[in-house]
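Chains as they are written, first to last, in this note's numbering: chain D, 38 to 285; chain A, 8 to 55; chain P, -15 to 541.
A virtual CB, placed ideally from N, CA and C, is assigned to each residue, including glycine.
See structure below.
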Amino acid sequence: MPDKVRFIIERQDGPNEKPYNQEFDVDYRPGLNVVAALMEIQKNPVTVDGKRVPPVTWECNCLEKVCGACMMVINGRARQACCALVDEIKKPIHLQPARTFPVIRDLLIDRSVMFESLKKIQGWVELDGSWDVKDAPIQNPYTAQTAYEISHCMTCGCCLEACPNVGPQSDFIGPAPTVQAYLFNLHPLGKFDAPKRLNALMEKGGITSCGNSQNCVEVCPKSIKLTTYLAQLNRDVNKQALKNMFNF
Amino acid sequence: MGRDDERFMKITIVNYDPKTEEPIVTYRDFDHSLIKPRARNYAVAKKE
Amino acid sequence: MAKDMSKKKIAIVGGGISGLLATIKVCELGGEVDLFSYCPVKRSHSLCAQGGINACMDTKGEHDSIYEHFDDTVYGGDFLADQIAVKGMVEAAPKLIKMFDRMGVPFTRTSEGVLDLRNFGGQKHKRTCFAGSTTGQQILYALDEQVRRWEVKGSVHKFEFWEFIKIIKNREGICRGLVAQNMNTMEIRAFRADTVILATGGPGQVFGRCTASTICNGSAVSAVYQQGAEIANPEFIQIHPTAIPGSDKNRLMSEACRGEGGRVWVYKDGKPWYFLEEMYPAYGNLVPRDVASRAIYKVCVHMGLGINGENRVYLDLSHIDSGYLERKLGGILEMYSEFVGQDPRKVPMEIFPSVHYSMGGIWVDRVHNTNIPGLMASGECDYQYHGANRLGANSLLSAAYSGTVSGPEAMKWAKTGNKGSELSDADLEAARREVQNEYDKILTMNGSENAHKLHHEMGDLMYKYVAIERDNNGLDACLVELKKLLKRWNDIGITDHSPVANQEAMFVRQLRNMILYAMAITKGARMRDESRGAHAKIVLENGKQKRYLWGATTNAL
Chain D
38 MPDKVRFIIE RQDGPNEKPY NQEFDVDYRP GLNVVAALME IQKNPVTVDG KRVPPVTWEC
98 NCLEKVCGAC MMVINGRARQ ACCALVDEIK KPIHLQPART FPVIRDLLID RSVMFESLKK
158 IQGWVELDGS WDVKDAPIQN PYTAQTAYEI SHCMTCGCCL EACPNVGPQS DFIGPAPTVQ
218 AYLFNLHPLG KFDAPKRLNA LMEKGGITSC GNSQNCVEVC PKSIKLTTYL AQLNRDVNKQ
278 ALKNMFNF
Chain A
8 MGRDDERFMK ITIVNYDPKT EEPIVTYRDF DHSLIKPRAR NYAVAKKE
Chain P
-15 MAKDMSKKKI AIVGGGISGL LATIKVCELG GEVDLFSYCP VKRSHSLCAQ GGINACMDTK
45 GEHDSIYEHF DDTVYGGDFL ADQIAVKGMV EAAPKLIKMF DRMGVPFTRT SEGVLDLRNF
105 GGQKHKRTCF AGSTTGQQIL YALDEQVRRW EVKGSVHKFE FWEFIKIIKN REGICRGLVA
165 QNMNTMEIRA FRADTVILAT GGPGQVFGRC TASTICNGSA VSAVYQQGAE IANPEFIQIH
225 PTAIPGSDKN RLMSEACRGE GGRVWVYKDG KPWYFLEEMY PAYGNLVPRD VASRAIYKVC
285 VHMGLGINGE NRVYLDLSHI DSGYLERKLG GILEMYSEFV GQDPRKVPME IFPSVHYSMG
345 GIWVDRVHNT NIPGLMASGE CDYQYHGANR LGANSLLSAA YSGTVSGPEA MKWAKTGNKG
405 SELSDADLEA ARREVQNEYD KILTMNGSEN AHKLHHEMGD LMYKYVAIER DNNGLDACLV
465 ELKKLLKRWN DIGITDHSPV ANQEAMFVRQ LRNMILYAMA ITKGARMRDE SRGAHAKIVL
525 ENGKQKRYLW GATTNAL
């Protein structure tokens, strides 16, 4: 293992600026990950040409792969930077922002569209209120396990970045927000509003925009079986469409 | 040092001194009326 | 539609579990919320809580009682928690769990479909509800969803990627608003509010490497401390016994590992020594965190028995059925494999204690008012409920419970409190201008110090002097060093002058707040001449340890 790791970082000074590359060397240490390397650059933001530059801008919080913040494109693949171990990836390491989303600066992107999509699919249980109402319903433990799996989605955006149908050419809201509809339809109280969510998915940008490319399931850092649930939702949406048609 | 309920069964209160930028420490009483303090020892089970 | 001016406006800073529950309560009472956060609230640090949330559900045939939860919490906190406040929290706990269940938190369930419970430290009953090993994430998400619903209804206005800078007081000294800065456009703006609730979490980053997220810097708490808010019990910093040491962060390995049967050991005389089980026969591996951390520290540092002579001990799950582990602890075992490259189902994990949680924080009364009228604090940033040491799985509980108290109380103050004079537009502009000037000044700093390096040094200092064992000479030295750091802060040089997402300039401002908070922690520790809970003071004589006594728990050590 060499004592330095080379990073080639695609930078951009602002939302409407032109991207450019800069290269940095970071001291190797065992267990080094991409976020830790970016932190080292913060301490000494000097490029390989010896130029002192502003430190690289990116987003991170938990560094444990649960918050979803540090998603970026590493060696061409969308993933969380905190668990991208330098030992396990090809060098030099290329970092780019996930350009499916508007770039704010450097690797920092604006993913607010994903949270807006969660409004469209009505991603919540219609609670009467946060007060006490006797007991909560018993739930089938197997269904609850499926819900637990889907509920790991951290809105990181890997699946949107990887999906060929998310982008300027399409209005697809993307795999992550779509599959969240399935989560709420599983819940004993949430399923009361399943028709609303399915109807929302019939609209523009809904499930018919999914081209079944299967890319999403490949990149999901939480290994959520996105394509399985997309297929199930597709069936549910079709059933709902028939129900709407025959008014039953 | 052991626990000193006599002097320190009190809340530490820290105020900021804008002149020196240093913390000023005082102590304040609080409510512990429901359960009487006892020695804390996890080698043995609590008494029922 | 005309804006309803009679609606009460509550500013809530922080979108973790406490802030979001307070938000929901305010909305339900007809108020409007401006919700400020460093990040989309769904990425708040609450999601790092793994093991579970305590509530006396008593569904395991163990005759658990709310009183027992109350007593465990007070005893675990070494009798420094306000008992009336704790009583309120433990009584509310089962109802909160049912509410979360209705909201859709995917708790792990038994074969009958009811909520499963697990053991946790410092408690002899199964009392911890959990969603695998990602309980905090699941609870945060459910609240995020409910808040989104209120956002759609127009009651919540999110200011995500905005940093709270300071509160604005009127001439009577009552908090009537705040100043915040957009972290992407760098716009600084002043906001009016009838009540301000800080729910900004803990100060872990003051110690550099810890189990906290990078956003848990305590900067907001320090800011209001400098504006007159009292801090209570800052010296009580919880050191979690089982974390994966890392150079960027110490990653938490949940107490649930021990709750599900994990054992802590090192080699002694060539054989595994299960030292917690030997030292504490009644609780074994499930002693509270302060006790476990000190034992691990003693075994590694004082006895030199750490793995390969390093500061590590084994946390062993390899004797437990892997299917069971997958179901109960899946998420974190995957994390360990991912970051360490070894499978904890097959080989023991290597762990060491790490700074984890602050029992202390902003002083609040039992309904979460600070000493500044109109300013409230809720969640880890307040000092309530945990005394000198927090029990595992009581943090999600206190975060949630405090939100259900602070939210309604904020509305009560907004409606009936003596709020004094309104802030004029000129007042708002003056407050904004002051922050703008401070920020502009930071952008012109051209000294020789790097803020991130200073931060690293501060973390090293705090670990050296204000961690598991503290002595007065060390604490005095630490205060001197911190003052030097505060001076050196003035000599920071900025390399980034960009008007877009200038993270360096914001960090410089946060760092100053962090140093001042570090001084409060250190001074609190220096003045408290006793050992209680997480605060263990040792006495040195001629540089050597004279006595080795910790609170009343001296026997096995």
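Y209/P belongs to the set of residues whose beta carbon lies under 9 Å from a beta carbon in chain A. Put simply, the CB of K26/A is far from chain P, with every gap to its CB atoms at 9 Å or more.
Exclusion of the five residues before and after E47/D leaves P56, N58 and Q133 as the residues of its chain whose Cβ lies within less than 6 Å of its Cβ.
With a 10 Å radius around the Cβ and a threshold of 16 neighbouring Cβ atoms, V170/D comes out exposed.
Between I158/D and I210/D, the C-beta gap is smaller than 9 Å, which places the two residues in contact. Listed by position along chain P, the residues whose Cβ is nearer than 7 Å to that of Y57/D form an empty set, because the closest Cβ is around 14 Å away. Within the DSSP secondary-structure output, R176/P pairs in a beta bridge with G161/P. In the DSSP assignment, A213/P falls outside any beta strand (DSSP E) and carries neither an H nor an E. Between D143/D and Q49/D, the CB-CB gap stays under 9 Å.
Within its own chain, the residues whose Cβ lies closer than 8 Å to the Cβ of F323/P, once the five positions on either side in sequence are excluded, are I228, G230 and R235, listed in chain order. Counting along the chain, no beta strand (DSSP E) covers F84/P; the unbroken alpha helix (DSSP H) around it starts and ends at Q67 to M87. The CB of I335/P never comes closer than 7 Å to any CB in chain D; the least such distance is about 14 Å.
Within the region 435 to 453 of chain P, contact with chain D at the beta-carbon level (separation under 8 Å) is assigned to H436, K437 and H440. Rounded to whole angstroms, T264/D and V216/D show a C-alpha spacing of 9 Å.
P212/D has a beta carbon lying at 9 Å or more from every beta carbon in chain P. Any Cβ of chain D closer than 9 Å to the Cβ of T43/P would place that residue at the interface, and such an atom is absent. The Cβ atoms of K82/P and F54/P lie no closer than 9 Å to each other. Closest by C-alpha distance to V103/D, out of C190/D, D40/D and N271/D, is C190/D. Taking one beta carbon from each stretch, the region 185 to 199 of chain P and the region 339 to 349 of chain P have 3 or more pairs nearer than 8 Å; the two touch.
Near chain D, meaning a CB-to-CB distance below 7 Å, the residues of the region 111 to 143 of chain P are A115, G116, T118, Q121, Q122, Y125, E129, Q130, R132, R133 and V136. Contact note: A485/P reaches chain D through T94, I141, R142 and L145, using a C-beta cutoff of 7 Å and chain order. Counting only Cβ-Cβ distances below 9 Å, K71/P has contacts in chain A at L41, in chain order.
In this structure the region 97 to 104 of chain P lies against the region 239 to 251 of chain P, because at least three pairs of beta carbons, one per stretch, are closer than 8 Å. Per the coordinates, the alpha-carbon of K507/P lies some 18 Å from the alpha-carbon of E441/P. By the rule that beta-carbons nearer than 9 Å mark a contact, F138/D does not touch chain P.
Taking a C-beta cut-off of 9 Å against chain D, the contacting residues of the region 81 to 97 of chain P are I81, K82, M83, F84, D85, R86, M87, G88, V89, P90, F91, T92, R93, T94, S95, E96 and G97, listed in chain order. Cβ contact annotation for P218/P (same chain, cutoff 6 Å, sequence separation greater than five): G344, A504, I505 and G508, in chain order. DSSP places L407/P outside both helix and strand once states are collapsed to three, so it counts as coil. Look at the region 215 to 258 of chain D and you find these whole runs of alpha helix (DSSP H), each 4 residues long or longer: 231 to 239 and 252 to 256. N58/D: member of the beta strand (DSSP E) spanning Y57 to D64, first to last residue. DSSP places P30/A inside the beta strand (DSSP E), whose first and last residues are P30 to R35. Considering only A118/D, S167/D and F138/D, the residue with the shortest C-alpha distance to P392/P is S167/D. Closer than 8 Å at the C-beta level to chain A, one finds these residues of the region 244 to 274 of chain P: M263, Y264, P265, A266, Y267, V271 and P272.
Around the beta carbon of S515/P, a 10 Å sphere encloses 16 or more other beta carbons of the protein chains shown; the residue is thus reported as buried.
Residue environment analysis places M282/D among the exposed positions, since fewer than 16 neighbouring C-beta atoms fall within 10 angstroms of its C-beta.
Interface flag for Q176/D against chain P is set, since a Cβ pair is found closer than 9 Å.
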